[in-house]
Structure formats: structure tokens, C-alpha cells
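Notes for the one structure printed next.
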């Protein structure tokens with residue numbers, strides 16, 4: 041397992057993940073800070089993001105973007 045950490049928009053998160061070359065992906069022991077974010081919609085966005093990570097089952101690269109899917113959700117991540 042490897043370490044995952046980052047910023048979910050306002051709060052930081054961390055945990056561990058395991059992946060394989062066939063696209064399997066699983067996050068475990070995800071934790072996050074719980075600061076109140078005053079910008080409208082940020083708390084809801086963070087919850088959706090962290091829920092999607094917790095449900096992750098598969099990853100793939102499509103048109104240069106990382107897609108993480110699982111639990112009926114798909115995250116599309118790209119470099120800015």
C-alpha cells in the first residue's frame with residue numbers, strides 16, 4: 041500500500057491506497073480535517089470527492105486525464 045494525501049478544496053485528506061497494473065484501485069483509512077469552508081458549495085464538493093475516493097474500484101487514463109470510478113461515481117482529474 042502507498043500513501044495518499046492532498047487537499048479536497050478546503051480541507052486536507054490522507055490515507056492509504058493500493059493499485060495494480062490492470063486498473064484496480066482501493067483507498068483505505070481516509071481521514072480529513074474538518075474546517076468549515078465559507079465559500080458556497082465547497083463543503084458539498086469536498087464530501088462528493090471524498091465519497092468517490094472511498095468508493096474507488098478502478099482507474100484509467102483517458103485523453104490525458106485520470107478517471108477514478110466506483111460506486112456509480114466517476115472522478116475526472118487533470119493537471120491545471
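In this note's numbering, the protein residues as written are 41 to 120. For each residue, glycine too, the CB sits at the ideal point set by N, CA and C.
Is it true that the CB of residue 65 sits closer than 8 Å to the CB of residue 99? yes
Looking at the unbroken beta strand (DSSP E) that takes in residue 66, where does it start and where does it end? 65-72
Contact set for residue 75: own chain, Cβ-Cβ below 7 Å, skip 5 residues either direction: 50 and 51.
Closer than 6 Å by C-beta to residue 111: which residues in its own chain qualify, once you throw out the five before and the five after it? Chain order, please. Correct list, in chain order: 95.
What does DSSP give as the partner residues of residue 127 in its beta bridges? With the chain covering 41 to 120 only, the question about residue 127 has no answer from this structure.
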